[in-house]
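Chemist: Just dropping this structure here.
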Amino acid sequence: MSFKLLSTKKHHLSHEITDKRVFENRRKIIKAAAGTVIASLIPAGVKAEIKKYADVPVGPYSASLASTDYEDVKNYTNYYEFTTNKTDSTVLARALKTSPWSVTVAGEAENTGVFNLEDILKSNPLEERVYRFRCVEAWSMVVPWIGFPLANMLKRFKPTSKAKYVEFTTLYNPDIMIGQRGNVLEWPYVEGLRIDEAMHPLSFMATGMYDDELPAQNGAPLRLVVPWKYGFKSIKAIVKIRFTQTMPATAWNKAGPDEYGFYSNVNPDVPHPRWSQSRERVLGASIFTPKRKTEIFNGYGAEVASLYAGMDLKKYF
Ligand code: MTE
0 MSFKLLSTKK HHLSHEITDK RVFENRRKII KAAAGTVIAS LIPAGVKAEI KKYADVPVGP
60 YSASLASTDY EDVKNYTNYY EFTTNKTDST VLARALKTSP WSVTVAGEAE NTGVFNLEDI
120 LKSNPLEERV YRFRCVEAWS MVVPWIGFPL ANMLKRFKPT SKAKYVEFTT LYNPDIMIGQ
180 RGNVLEWPYV EGLRIDEAMH PLSFMATGMY DDELPAQNGA PLRLVVPWKY GFKSIKAIVK
240 IRFTQTMPAT AWNKAGPDEY GFYSNVNPDV PHPRWSQSRE RVLGASIFTP KRKTEIFNGY
300 GAEVASLYAG MDLKKYF
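Going by the working numbering, the sequence shown opens with residue 0, and the numbers climb by one from there.
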């Protein structure tokens, strides 16, 4: 359960950011072209597969790394609401209906209430800003996530100056999420970020991956991705966002306060009490492939280290 590393070379990437107009034109062209191809090649009655996010541009924080194999990312997941087995979740999560979906916004903000996810996505220029994102997870992986910076969404709710943290909650429905009938964690799953972490442009809300919708087992329809932190911070199937004055009590911290800190920044120098975090295995690699060295903040030190200036990262792990 952990996200890991990747380095961001902004100067190599600026050319990858697509100007909005170019992007929209390209989008139209691709859609039109796709339509033509389908009309000419696909026999009537056969539904062509057009990937929902095929024309989403690469974002400024993406790194030039090869993506992990899609099959590995979608068939090896952690989703304790369904099971602790990393492969069974693929089948069990199919029972989850991810549309329509509502998100409750509460706490220290002006614009609170229950929102339809479709409306949140539509009524904001969010869709235009979605970009690809690569993230490596103590197994590590590089996932081209599709979504938008979390800050874009949070600003809509106008957090007040009292909002020091943001708490996220996953759906609770033991009829469908059969793992919630047991007590492997305290349900519902809760995660949190400090407000400045949440507003950092690397904190990301994913609605898709690999050009397409987010598979249920990877957290559809709305999943957090915090690429400089261990993977458990990246909470799936979010139904509630609450702005708080005090640090939220998170599911893993409650389950093991000495093992899982609130911050959980990727840090090779802070071992987990039961294992080292200094090396990681790349998901999909053979067991004979040597593990590689973990990078501080998963390789995003240049972007996020300043958030923790002066903090003892061994104490605030
Ligand atoms: N979110 C919820 N609601 N339930 C979970 O069990 N597992 C976490 C995180 N988000 C989890 C969750 C853990 S431990 C990890 S490592 C990542 O999701 C895994 O994401 P992935 O399954 O898409 O690789």
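Beta carbons: idealized from backbone N, C-alpha and C, even for Gly.
Opposite G106 in the DSSP bridges: which residues?
Modeler: Looking at the DSSP assignment, G106 forms a beta bridge with F242.
Chemist: Check the DSSP bridge columns for P148 and list the partner residues they point to.
Modeler: P148 is bridged to F203.
Chemist: Please classify T76: does DSSP put it in a helix, a strand, or coil?
Modeler: T76 falls in the coil class under three-state DSSP.
Chemist: Identify the continuous beta strand (DSSP E) that holds L91 and give its terminal residues.
Modeler: Counting along the chain, L91 falls outside any beta strand (DSSP E), though it belongs to the alpha helix (DSSP H) covering S88 to L91.
Chemist: Pull up the CB-CB distance for K191 and I145, whole angstroms please, since I reckon it's below 8 Å.
Modeler: The residue you asked about is not Lys; residue 191 is Gly in the sequence shown. No, G191 and I145 are not in contact; Cβ-Cβ is about 24 Å, not under 8 Å.
Chemist: How big is the Cα-Cα spacing for A308 and V90?
Modeler: Roughly 43 Å between the two C-alpha positions.
Chemist: Three or more beta-carbon pairs under 8 Å between the region 196 to 213 and the region 142 to 156, yes or no?
Modeler: Enough Cβ pairs lie closer than 8 Å, so yes.
Chemist: Just the C-alpha distance for R93 and V72, rounded to the nearest angstrom, thanks.
Modeler: Cα to Cα, the separation comes out at about 16 Å.
Chemist: Quick check on the burial criterion: 16 or more other C-beta atoms within 10 angstroms. Buried or exposed for S63?
Modeler: It is exposed - the Cβ of S63 has fewer than 16 other Cβ atoms within 10 Å.
Chemist: Which one or two residues does DSSP pair with Y164 in a beta bridge?
Modeler: Looking at the DSSP assignment, Y164 forms a beta bridge with R193 and T243.
Chemist: What first and last residue would you give for the alpha helix (DSSP H) that runs through L223?
Modeler: Unbroken run through L223 is the beta strand (DSSP E), R222 to V224; no alpha helix (DSSP H).
Chemist: With distances taken between CB atoms, is the gap from G230 to N77 smaller than 8 Å?
Modeler: Yes, Cβ-Cβ distance for G230 and N77 is below 8 Å.
Chemist: In this structure, does DSSP put E279 in helix, strand or coil?
Modeler: Three-state DSSP puts E279 in a strand.
Chemist: Do L149 and Y299 have their C-beta atoms within less than 8 Å of each other?
Modeler: Not in contact: L149 and Y299 (Cβ atoms no closer than 8 Å).
Chemist: Is it right to say V102 is buried, meaning 16 or more other beta carbons lie within 10 angstroms of its own, or is it exposed?
Modeler: Label assigned to V102: buried.
Chemist: Take K232 and list the residues in its own chain whose beta-carbon comes closer than 6 Å to its own, dropping the five residues that flank it on each side.
Modeler: Closer than 6 Å at Cβ, skipping near neighbours: E190, V225 and S263.
Chemist: Measuring only the C-alpha atoms, how far is N252 from W186?
Modeler: Spanning the two alpha carbons is a distance of roughly 13 Å.
Chemist: Are there 16 or more other CB atoms within 10 angstroms of the CB of E107, so buried, or fewer, so exposed?
Modeler: Classification for E107: buried.
Chemist: Helix, strand or coil: how does DSSP classify V303 here?
Modeler: Looking at V303 - three-state DSSP - the assignment turns out to be helix.
Chemist: Compare the beta carbon distance of Q276 and P289 with 8 Å and say whether it is the shorter of the two.
Modeler: Going by C-beta atoms, Q276 is not nearer than 8 Å to P289.
Chemist: Measuring from the CB of K96, is there a heavy atom of the ligand MTE at a distance below 7 Å?
Modeler: For the ligand MTE, not one heavy atom lies less than 7 Å from the Cβ of K96.
Chemist: Between W100 and L116, how many whole angstroms is the CB-CB distance? I'm expecting something under 8 Å.
Modeler: Indeed they touch by this definition, with Cβ atoms about 4 Å apart.
Chemist: May I ask whether a heavy atom of the ligand MTE can be found less than 7 Å away from the beta carbon of E185?
Modeler: E185 Cβ: outside cutoff for every heavy atom of the ligand MTE.
Chemist: Quick check on DSSP: helix, strand or coil for R273?
Modeler: Residue state, collapsed to three classes: coil.
Chemist: Alpha carbon to alpha carbon, how far is I119 from V165? Give it in angstroms, no decimals.
Modeler: Straight-line Cα distance between these residues: approximately 18 Å.
Chemist: Helix or strand or just coil, what does DSSP make of D71?
Modeler: If DSSP states are grouped into helix, strand and coil, D71 belongs with the helices.
Chemist: Leaving out five residues before and five after F242 in sequence, what residues of the same chain have Cβ atoms less than 7 Å from its Cβ?
Modeler: These residues qualify, in order along the chain: G106, E107, A108, P158, A162 and V165.
Chemist: Which whole-angstrom value is the C-beta distance of T293 and I234, which I expect to be below 8 Å?
Modeler: Not a contact, Cβ separation roughly 22 Å.
Chemist: DSSP state of K292, grouped into three classes?
Modeler: Three-state result, K292: strand.
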